[in-house]
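Asks:
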Amino acid sequence: MFKRVLIANRGEIAQRIIRACRELDIETVCVYSTADKDAPYLRDADEAICIGPGPSKDSYLNISRIISAAEVTNADAIHPGYGFLSERAEFSEICRDCKIEFIGPSPEAMGKLGDKVEAKRYAKAAGVPVFPGSEGAIEEIEEAVEVANEIGYPVIIKAAAGGGGRGMRICRNEATLRANVGKAQQEALAAFGNGAVFIEKFLEHARHVEVQTIGDKHGNAIHLWERDCSMQRRHQKVIEEAPGPNIERKKIEKICESAAKLVKSAQYSGAATVEFLMDDKQNFYMLEVNTRVQVEHPVTEMITGVDIVKMSIMVAAGEKIPYKQKEIKVHGHAIECRICAEDHTKDFRPSAGLIENYRAPGGLGVRMDSHVCAGYRVPPNYDSMIGKLIVWGEDREAAIKRASRALHEFEVGPIKTTIPLHAELMNNTDFKKGGVDIHYLERWLKG
Ligand code: ADP
71 MFKRVLIANR GEIAQRIIRA CRELDIETVC VYSTADKDAP YLRDADEAIC IGPGPSKDSY
131 LNISRIISAA EVTNADAIHP GYGFLSERAE FSEICRDCKI EFIGPSPEAM GKLGDKVEAK
191 RYAKAAGVPV FPGSEGAIEE IEEAVEVANE IGYPVIIKAA AGGGGRGMRI CRNEATLRAN
251 VGKAQQEALA AFGNGAVFIE KFLEHARHVE VQTIGDKHGN AIHLWERDCS MQRRHQKVIE
311 EAPGPNIERK KIEKICESAA KLVKSAQYSG AATVEFLMDD KQNFYMLEVN TRVQVEHPVT
371 EMITGVDIVK MSIMVAAGEK IPYKQKEIKV HGHAIECRIC AEDHTKDFRP SAGLIENYRA
431 PGGLGVRMDS HVCAGYRVPP NYDSMIGKLI VWGEDREAAI KRASRALHEF EVGPIKTTIP
491 LHAELMNNTD FKKGGVDIHY LERWLKG
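71 is the number of the first residue of the sequence shown in my numbering; add one for each residue after it.
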């Protein structure tokens, strides 16, 4: 097992990784930017080291500074968390060259599944259902038109290396498609350093359902069932839950099995999420594979009892997955509310600044994954998420009631947060029924 893990991240996920390491008797080194110098979790780490100023490119995205920090502090592994460098195959490769274990997939496995075009190829071979669309990247406009005529409009142009909901164009007819292929290629090259684009069928109404998987270095891979993350705004998830409500179990079982097979076929080690859209008839189509731990991993932990962050560290150290697939049982229902420092009544305007009052909810089945407290100043530099409230209940109804109760206790001020929005959503009849689609929240916000 590792002696010291360097955490190349910040905020709640840095806190989460410190917690996992401490329980595994692993020392931690936390890197931080000057904007995070007073963050409370730095005190929980065994060592904290400043790697530069606030802008991410000068600190959390600066590979040479992070590697130097790992070398001077004698860290034998790096956990990248999510975002920042977590999905950069180049970073995983540099770690390997420097003989520091990257807690995540090898650059080869990341290349196979992190690239949307490649991932689709592996998915097909593993029996994972994918969207109808182009076989690989589109070279010529005529090729795009041909594929679109075959699958029917609307179609969506996407970047092979895309992420964060960027670089996608929906085309409802041939004229728009012709006008957009070239633009999409240029945009993809500028944004992701890779101009490859592809097209696939665009689904108007869908739910976002994803499967948590984990693989080890001995060729084993299992799934930890699904999550529904359909409550979104601008492609950002707002509420996640597990299991997915009102999904035919036989269907989802097959999808989960295929996801584990996909990860296994790529000789992938570490946590990965296979994301799908599900249509009204409960047909599944793979969107992409996220080659890292996800923000919403706790809902899966709550229903399966598996510590995903610990497992990711253990498999990186060469241990075998200690579970057989059939031992992974679902117990109860979990819901996560992402709490952001934003004013949802003012178009989600960011609300950074000093937290003077902080009262976290508690009690049976309530988990807070957060790095903030009273006296903490939310820096304006980063993502606005200040924590995640995760609740567990015997069933979905009990979980919603518990979330509602916990949100009622939860106080953060004077900065604005999305707590009141979540409290409203827990009372929303459509959410309570289960199965809202990915555009529901935006429609509801427009009133
Ligand atoms: P990113 O890596 O940028 O997040 P994804 O492929 O995961 O890209 O897509 C992000 C979001 O875009 C999805 O959650 C969905 O809302 C929408 N989307 C992507 N592909 C399709 C599609 N074929 N049909 C309908 N919506 C889509």
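For each residue, glycine too, the CB sits at the ideal point set by N, CA and C.
Excluding the 5 residues preceding and the 5 following G184 in the sequence, name in chain order all residues of the same chain whose CB lies nearer than 6 Å to its CB.
Replies: Correct list, in chain order: E157, T361.
Asks: What do you reckon, is the C-beta of I405 under 8 Å from a heavy atom of ligand 1?
Replies: The answer is no for I405.
Asks: With distances taken from CA atoms, which of E171, K169, R475, E205 is nearest C407?
Replies: Checked all of E171, K169, R475, E205; the closest Cα to C407 is R475.
Asks: Okay, do the segment 201-215 and the segment 157-167 touch, 3+ Cβ pairs below 8 Å being the bar?
Replies: Touching, no, given that fewer than three Cβ pairs across the two stretches are closer than 8 Å.
Asks: Throw me the rounded Cβ distance for the V482 and I405 pair, which I believe falls under 8 Å.
Replies: Wrong, their Cβ atoms sit about 19 Å apart, outside the cutoff.
Asks: Kindly indicate which three-state DSSP category D439 falls into: helix, strand or coil?
Replies: Strand, per DSSP.
Asks: Going by DSSP in three states, K73 sits in which element: helix, strand or coil?
Replies: Reduced to three states, the DSSP call for K73 is coil.
Asks: Beta-carbon within less than 7 Å of A444's beta-carbon, same chain only, minus the 5 sequence neighbours each way: which residues are those?
Replies: Here the set comprises I425, E426, N427, Y428.
Asks: Enumerated in chain order, which unbroken segments of the alpha helix (DSSP H) with a length of 4 residues or greater are wholly contained in the segment 380-405?
Replies: Those alpha helix (DSSP H) runs which fall completely within the segment 380-405 and span 4+ residues do not exist here.
Asks: Can you tell me the Cα-Cα spacing of E345 and R447, whole angstroms?
Replies: The straight-line gap from Cα to Cα measures roughly 34 Å.
Asks: Name, in chain order, the residues that DSSP records as bridge partners for S138.
Replies: S138 is not bridged to any residue.
Asks: Am I right that I460 and C410 are in contact with their C-beta atoms under 8 Å? What's the rounded C-beta distance?
Replies: Contact doesn't hold; Cβ gap of about 15 Å is too wide.
Asks: Compute every distance between the C-beta of Q256 and the non-hydrogen atoms of ligand 1, then say whether any falls below 8 Å.
Replies: Incorrect: Q256 has no Cβ contact closer than 8 Å to ligand 1.
Asks: Would you call the segment 235-247 in contact with the segment 278-298, where contact means no fewer than 3 C-beta pairs closer than 8 Å?
Replies: No contact exists between the segment 235-247 and the segment 278-298.
Asks: Would you report the Cα separation of R89 and D465, rounded to the nearest angstrom?
Replies: About 28 Å.
Asks: Below 8 Å on the Cβ atoms is my guess for K228 versus V198; work out the distance and round it to an integer in Å.
Replies: The pair is not a contact, with the Cβ atoms about 17 Å apart (cut-off 8 Å).
Asks: The beta strand (DSSP E) that contains Q302, what's its start and end?
Replies: Taken as a continuous stretch (DSSP letters only), the beta strand (DSSP E) holding Q302 covers 291-303.
Asks: For R513, count neighbouring Cβ atoms within 10 angstroms of its own Cβ and tell me buried if that reaches 16, exposed if not.
Replies: So R513 ends up on the exposed side.
Asks: Assign E97 to one of two classes, buried (16 or more other C-beta atoms within 10 Å of its C-beta) or exposed (fewer than that).
Replies: That one is buried.
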